[in-house]
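**Student:** Residue numbers (our numbering): -14 to 272. Backbone N, C-alpha and C define an ideal beta-carbon position, used for all residues, glycine too. Below is a structure I'd like to ask you about.
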């Protein structure tokens, strides 16, 4: 897998106007190129990585870089097998820069028989930066903040944790993120902004090519943010949305690049799709 932090931009970007009349819609771009407009074969698969060692230990990993547990590796393989049974063979894989996402992508690709698929990382898919709380035990944070405030920290859209101290930045200097990025912290709204840029610059150009399947492997919060972009979720819907680990979530698109089913469909172990809506009352822990 290519581990460059900023992969090359696609040569043909469907959001750029290429027609004489100024129409820059994806459909107009395809007409200009002489491509078919039927995009019912285009699919986007979102996959949250398997269990990490930090999650198993009750630690808030955030932008830390723990490896997968044995259970997490097995779950990644099962996800790849689900894609194979559903006849979903990606034409492009995008993953976060973090080890747990990259390894999930690689293991799923082998199990799904698409190990030859081009794979690239993008830091905009990295997990949310939890600032001062990065690497802390969740139980300690609950004791320190109180359960309600801890829940707000994890689920509210606009709440930003305190930034890392200088000592923390020194301790976490081996993190994949750039040093200047470590100095801050992110709200879920911040993550949604970078997810929207990734969607605009990477996903839409790929899906504008007929019958393409794109696999994105990332994290609980970065995938929640991407779902917010795809489904135009309200803040209330986003607060309640949970993305289960290592379970492929499939979005299909019409010829205008609109999602055919709001929320997409999860693949089951039998390869069938189940409708997704934000899951009320479930507060999954980003791993």
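Can you give, in chain order, each stretch of the alpha helix (DSSP H) that sits fully within the stretch 50 to 100 and has at least 4 residues?
**Tutor:** Those alpha helix (DSSP H) runs which fall completely within the stretch 50 to 100 and span 4+ residues are 55 to 70, 84 to 96.
**Student:** Taking 8 Å as the threshold, find out whether the stretch 50 to 65 comes into contact with the stretch 86 to 95 through three or more Cβ pairs.
**Tutor:** Touching, per the Cβ criterion.
**Student:** Going by C-alpha to C-alpha distance, which of 133, 79, 115 sits closest to residue 109?
**Tutor:** The option with the nearest alpha carbon to residue 109 is 79.
**Student:** Leaving out five residues on either side along the sequence, give the residues of the same chain with a beta carbon under 8 Å from the beta carbon of residue 206.
**Tutor:** Around residue 206: 112, 113, 173, 176, 271.
**Student:** When DSSP labels each residue in this structure, what does residue 253 get in the three-state scheme?
**Tutor:** Note: residue 253 maps to coil in three-state DSSP.
**Student:** What is the rounded straight-line gap between the Cα of residue 204 and the Cα of residue 98?
**Tutor:** Those two C-alpha atoms are separated by around 23 Å.
**Student:** Could you tell me which residues DSSP puts in a beta bridge with residue 37?
**Tutor:** Residue 37 pairs with 53.
**Student:** Would you call residue 55 buried or exposed, if buried means 16 or more other Cβ atoms sit within 10 Å of its Cβ?
**Tutor:** Exposed, by the Cβ-count rule.
**Student:** Looking only at its chain, what residues have a beta carbon closer than 8 Å to the beta carbon of residue 59, apart from the 5 residues adjacent to it on each side?
**Tutor:** Once the five neighbours on either side are set aside, the close Cβ partners of residue 59 are 35.
**Student:** Do the stretch 189 to 202 and the stretch 69 to 83 make contact, defined as three or more Cβ pairs closer than 8 Å?
**Tutor:** Yes: at least three Cβ pairs fall under 8 Å.
**Student:** Which residue comes first and which comes last in the alpha helix (DSSP H) that contains residue 236?
**Tutor:** Element bounds for residue 236: not the alpha helix (DSSP H) but the beta strand (DSSP E), 234 to 237.
**Student:** Quick check on residue 42: buried or exposed, where buried means 16 or more other Cβ atoms within 10 Å of its Cβ?
**Tutor:** Classification for residue 42: exposed.
**Student:** Do the stretch 211 to 228 and the stretch 140 to 147 make contact, defined as three or more Cβ pairs closer than 8 Å?
**Tutor:** A contact exists between the stretch 211 to 228 and the stretch 140 to 147.
**Student:** Between the Cα of residue 218 and the Cα atoms of 248, 30, 155, 157, which residue gives the shortest distance?
**Tutor:** Selected option, being the one with the closest Cα: 248.
**Student:** Excluding the five sequence neighbours on either side, which residues of its own chain have a C-beta within less than 8 Å of the C-beta of residue 157, listed in chain order?
**Tutor:** Around residue 157: 49, 119, 120, 149, 167.
**Student:** Is it the case that the CB of residue 27 approaches a heavy atom of the ligand ATP more closely than 7 Å?
**Tutor:** Among the ligands in the structure shown, none appear at all, so the ligand ATP cannot be discussed.
**Student:** Just curious, the alpha helix (DSSP H) that residue 177 is in, first and last residue?
**Tutor:** Start and end: 173 to 183.
**Student:** Residues in its own chain within less than 7 Å of residue 135 by CB, not counting five upstream and five downstream?
**Tutor:** Result list for residue 135: 126, 127, in chain order.
**Student:** Alpha carbon to alpha carbon, what distance is there between residue 102 and residue 216?
**Tutor:** Approximately 27 Å, taken between the alpha carbons.
**Student:** Give the DSSP-derived three-state secondary structure of residue 192 in the structure shown.
**Tutor:** DSSP places residue 192 in helix when its eight states are reduced to three.
**Student:** Secondary structure at residue 127, three-state DSSP: helix, strand or coil?
**Tutor:** The answer is helix: DSSP assigns residue 127 an H, G or I state.
**Student:** Please report the residue range of the alpha helix (DSSP H) in which residue 142 lies.
**Tutor:** Looking at the DSSP string, residue 142 is not in any alpha helix (DSSP H), and its letter there is neither H nor E.
**Student:** Contact check, residue 189 vs residue 242 under 8 Å by CB: the rounded distance?
**Tutor:** Indeed, because the Cβ distance is near 6 Å, the residues count as touching under 8 Å.
**Student:** Which value, in whole angstroms, describes the spacing of the CA atoms of residue 155 and residue 129?
**Tutor:** Taking the straight line joining both Cα atoms gives about 23 Å.
**Student:** Closest to residue 183 by CA distance: which of 194, 210, 171, 169 is it?
**Tutor:** When only C-alpha atoms are compared, the closest one is 210.
**Student:** Any idea what DSSP makes of residue 213, helix, strand or coil?
**Tutor:** Looking at residue 213 - three-state DSSP - the assignment turns out to be helix.
**Student:** Residue 153 to residue 117, Cα distance in whole Å?
**Tutor:** Spanning the two alpha carbons is a distance of roughly 8 Å.
**Student:** Please list, in chain order, all residues of the same chain as residue 147 whose beta carbon is under 6 Å from its beta carbon, the five residues on each side excluded.
**Tutor:** So the list reads 116, 117, once near-sequence residues are dropped.
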